[in-house]
Amino acid sequence: MRLAALFSGGKDSTLALHRAVELGYDVEVLVNIAPERADSMLYHVPNTQWTALQAEAMGLPIIRLGAGSDEEAALLGALREAARTYGVEGIVTGAVRSTFQATRFQKAARRLGLWCFNPLWLMDQRAVLRETLERGFQYIITAVAAYPLGEDLLGRPVDWGVAKTLMGLGEYINPAGEGGEYETFVLYAPLFKRRLKVVEADRRYNRETYTGEYVIRRVVLEEPT
Amino acid sequence: MTGERVTIVAMPVQRLHMDEFVRPLVDIVAGLGLAPRIVHYAEGLEDVEPPIILSGTGIMDYAYLDRLDVFKPLTGLGPVLGICAGAQVLALLSGGTLIDGELIGTFYVEVTRVNPLLPLGRARAYFLATKLVVPGGNVEPLAYVGESVAAFRAGSEAYGVMFHPEVYNEDAIVRFLNLSKGRS
């Protein structure tokens, strides 16, 4: 079956995409919606412009649309284009626990007569973290939005040590950041033919609200080592 | 009920739906210390043992409706819980019918009849259904979402829930499994 992958550039959508390919589904195109609102509940926010480079690294085309004032209409428009241009019959998403997201993805897919797959659905969030690292994903934290996540995490690669720290904060956050407590950006994963390297970035952090962003200014593709 | 076997009948026709609709049930059952056994309905259900949970599946997947004969051995076998697609099958086997409709997302259900799975009153539930159950035959409604049946009993030991209890209503699954405690 030909699929479009809803792709934020973060670890969850990348993992869902890998699961689909592994089971023999043909992911023909990535779809990324760039939200207008910084507090979007539907889409991943920071650094979405670099999803085009991630797509290039995977050798896949990408449809990128600005969400404008109506995020759901943008999703419908992008999926319609994916169906028309790439003949996709379904979508795969990285939704883990958010019924808000899942409901909108399911409704958009149904409206267009597409199958909707959420292979990480209700997955234990510690298991999500573990699986990404076991598969060799390399990703960094690009936003934090919850106590006690500090500025030191911004831009930090998620390795087993960071993952252990996040898993240990279960009292305060969803360990995989499903509630938007933190966002990630994937630099390399097994489906990437080349690796992304961040060359220039800015950190912004507000100590009063425990919120911050790692804004990537320049990133390049390099051969994997 | 530690260690008892629980049969989970997988309804998805697509492999990529297995982790979405079957794995969460396996996790719940295993988390209770029970032994989940997954059987896909296409393999045949002649040899399955209760308690049995029929999973849901994706909203484009209606293949199970063409294979109702496969599910007939479940009738009168013991405690069976059908979830969404599984509930549709139980309803059809018990004299109910289906109509096209759409319940996608979180809704409040009103439990109107005393039953062992769901406490009376209002409860939040997550739906992913495009075919809804119309009572008939042995289908006795237990809960509603608006005018639609949200949960029902079909005979003495079969229950159907049109929502996905693995999302907000895990207790209903636990209570169902308690029904068969000590039966074996």
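Chains as they are written, first to last, in our numbering: chain H, 1 to 225; chain Z, 1 to 184. Yeah, the Cβ is synthetic: ideal placement off N, Cα and C, and Gly gets one too.
| query | result |
| --- | --- |
| Z/P51 to Z/K131 span [Cα, whole Å] | 25 Å |
| Pair within 8 Å by beta-carbon distance, H/A127 and H/Y182 | no |
| Inter-residue spacing [alpha-carbon to alpha-carbon] between H/V215 and H/N47 | 6 Å |
| Members of the segment 139–169 of chain Z that neighbour chain H once the beta carbon cut-off is set at 7 Å | E166, V167 |
| Limits of the alpha helix (DSSP H) - the one that H/W160 falls within | 160–167 |
| For H/L53 and H/V186, believed in contact at Cβ under 8 Å, the rounded distance | Between H/L53 and H/V186 the Cβ distance is about 11 Å, and since that is not below 8 Å, they are no contact. |
| Residue from H/R2, H/G94, H/P119 whose Cα sits closest to the Cα of H/G9 | H/G94 |
| CB contact check: H/L23 to chain Z, cutoff 8 Å | yes |
| Beta-carbon proximity of Z/L68 to Z/L32, cut-off 8 Å | no |
| Identity of the residue in Z/G78, Z/A125, Z/V174, Z/G137 nearest Z/A151 by Cα | Z/A125 |
| Cβ-Cβ distance between H/N118 and Z/E20 below 8 Å | yes |
| Residue environment, Z/S184, which counts as buried when at least 16 other CB atoms sit within 10 Å | Note on Z/S184: pLDDT 45, under 50, position unreliable in the model; no value is reported. |
| Of the listed residues Z/N115, Z/E49, Z/L128, Z/V109, nearest to H/W115 (C-alpha basis) | Z/L128 |
| Cβ-Cβ distance between H/H18 and H/A189 below 8 Å | yes |
| Ranges of the alpha helix (DSSP H) found wholly within the segment 115–199 of chain H, counting only runs of at least 4 | 125–134, 160–167 |
| Option in Z/Y64, Z/M11, Z/I28, Z/P165 with minimal Cα separation from Z/L117 | Z/P165 |
| Continuous alpha helix (DSSP H) stretch holding Z/V167: start and end | 165–168 |
| Per-residue contacts from Z/Q14 into chain H (C-beta, under 8 Å) | M1, W115, F117 |
| Minimum Cβ-Cβ distance from H/L79 to chain Z less than 8 Å | no |
| CB contact below 8 Å: H/V29 versus chain Z | no |
| Rounded separation between Z/Y144 and Z/V109 - CA only | 5 Å |
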